[in-house]
Structures are given as C-alpha cells and as structure tokens.
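**Student:** If you count by my numbering, then the sequence shown holds residues 52 to 180, one letter each, in order. Cβ coordinates follow ideal geometry from the N, Cα and C atoms, glycine included. Keep in mind it's a predicted model, so treat the numbers as computed, not measured.
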Amino acid sequence: MSLKKYIISAIILIACSFGVLFLKNTWALTNAKDIIGDVSDCFMAPGIIYICFGIIVICSNKGAFDMLSYGIQTAFSVFKKDPTDRKYQNFGDYRLAKQDKKSPVAHFMLCGGIYMALGLVFYIIYAIL
Numbered sequence: 052m053s054l055k056k057y058i059i060s061a062i063i064l065i066a067c068s069f070g071v072l073f074l075k076n077t078w079a080l081t082n083a084k085d086i087i088g089d090v091s092d093c094f095m096a097p098g099i100i101y102i103c104f105g106i107i108v109i110c111s112n113k114g115a116f117d118m119l120s121y122g123i124q125t126a127f128s129v130f131k132k133d134p135t136d137r138k139y140q141n142f143g144d145y146r147l148a149k150q151d152k153k154s155p156v157a158h159f160m161l162c163g164g165i166y167m168a169l170g171l172v173f174y175i176i177y178a179i180l
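1. I need the straight-line Cα distance from alanine 83 to isoleucine 123, nearest angstrom please.
2. Under the assumption that tyrosine 177 contacts isoleucine 87 (Cβ atoms under 8 angstroms), give the Cβ distance between them as a whole number of angstroms.
3. Measuring straight from C-alpha to C-alpha, what distance separates leucine 169 and isoleucine 59?
4. Using only alpha-carbon positions, find the residue among Ile63, His158 and Leu147 that is nearest to serine 53.
5. Where does tyrosine 101 sit, in a helix, a strand or coil, going by DSSP?
6. Measuring CB to CB, does cysteine 93 end up less than 7 angstroms from valine 71?
7. Near aspartate 136, which residues of its chain fall below 6 angstroms by C-beta distance, leaving aside the five closest residues on each side in sequence?
8. Can you look up lysine 84 in the DSSP assignment and give me helix, strand or coil?
9. Taking the alpha-carbon of aspartate 117 as reference, which of Val172, Phe73, Lys56 and Lys152 has the nearest alpha-carbon?
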C-alpha cells in the first residue's frame with residue numbers, strides 16, 4: 052500500500068474539516084461546549100462521508116456498477132464512426148476485464164475511521180460538558 056494515498060486522504064479530510072469549521076463559523080463562538088460540538092462535527096462529517104466513499108468503492112470492486120458502465124459505453128459507441136468496433140463485444144468480456152482492475156479501498160476506510168473516532172471522542176467530551 053502506498054503511503055501517498057494515505058497522505059492525500061489526510062489532506063482532503065483536513066481541508067473538509069476546516070471547511071466545516073468555516074461553514075459553522077466556529078471562530079465566532081465563545082462557549083467551550085459549542086466549540087467542542089463544532090469540532091466534533093468537523094471530524095465526524097468528513098469521516099462518515101469518506102467511509103461512505105469507501106463502501107461505494109467496495110461495491111464497485113464487487114461489480115455492482117458493471118452493467119451500468121457497460122451500458123453507457125455501449126450507448127456512446129453508437130456515435131463512433133464504426134459502431135461495431137468496440138473494445139468489448141459483450142458484457143461477459145467486459146466483466147472479465149473489470150475483475151482484474153480493483154481499486155484500493157483501505158485508505159478510505161482507515162482515514163475515515165480515524166476521523167470518525169476522533170469525532171466520537173469530541174462528542175463524548177461535548178456530552179460530558
């Protein structure tokens with residue numbers, strides 16, 4: 052596994068966290084409980100979204116979107132000069148070719164899980180206050 056994917060994921064999550072903080076106008080707050088609640092949100096929301104992206108990639112790796120992708124490619128092949136000149140002649144060939152091309156998913160789940168865990172920690176602190 053490449054460390055580069057984890058670093059890029061962390062940068063994206065940090066940017067999303069700052070985006071949530073800016074949208075919620077956290078810097079204008081003075082109450083500690085409200086600030087901790089916003090910090091919880093800034094970790095929890097991007098973490099959950101990132102885990103959802105990972106689940107979508109897992110579904111895609113299992114072939115959930117293969118028929119849709121093949122259908123779109125076939126539909127657009129009508130606009131080619133020779134519509135019968137396709138990379139894959141039938142869905143079976145397309146499916147066999149797609150089985151070899153799996154997308155990595157660990158960086159989505161690990162980084163999203165860490166962010167979600169941080170959000171839960173801040174939420175517990177928020178609930179105690």
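**Tutor:** Here's the rundown:
1. The residue you call residue 83 lines up with position 32 of the sequence shown. The residue you call residue 123 lines up with position 72 of the sequence shown. Roughly 52 angstroms separates the two Cα atoms.
2. Stepping through the sequence shown from its first residue, residue 177 is reached at position 126. Stepping through the sequence shown from its first residue, residue 87 is reached at position 36. That pair is a contact at about 5 angstroms.
3. To locate residue 169, count along the sequence shown from 1; it is residue 118. To locate residue 59, count along the sequence shown from 1; it is residue 8. Distance between the alpha carbons of leucine 169 and isoleucine 59 is about 19 angstroms.
4. Counting from one through the sequence shown, the residue named residue 53 turns up at place 2. Nearest C-alpha to serine 53: His158.
5. Here residue 101 is taken as the residue at index 50 of the sequence shown, counted from 1. Reduced to three states, the DSSP call for tyrosine 101 is helix.
6. Your numbering for residue 93 matches position 42 in the sequence shown. Your numbering for residue 71 matches position 20 in the sequence shown. Yes.
7. Here residue 136 refers to the residue found at position 85 when the sequence shown is read from its first residue. Nothing meets the Cβ criterion.
8. Reading the sequence shown from its first residue, position 33 is the one you call residue 84. Helix.
9. Position 66 of the sequence shown, counted from the first residue, corresponds to residue 117. Answer by Cα proximity: Lys152.
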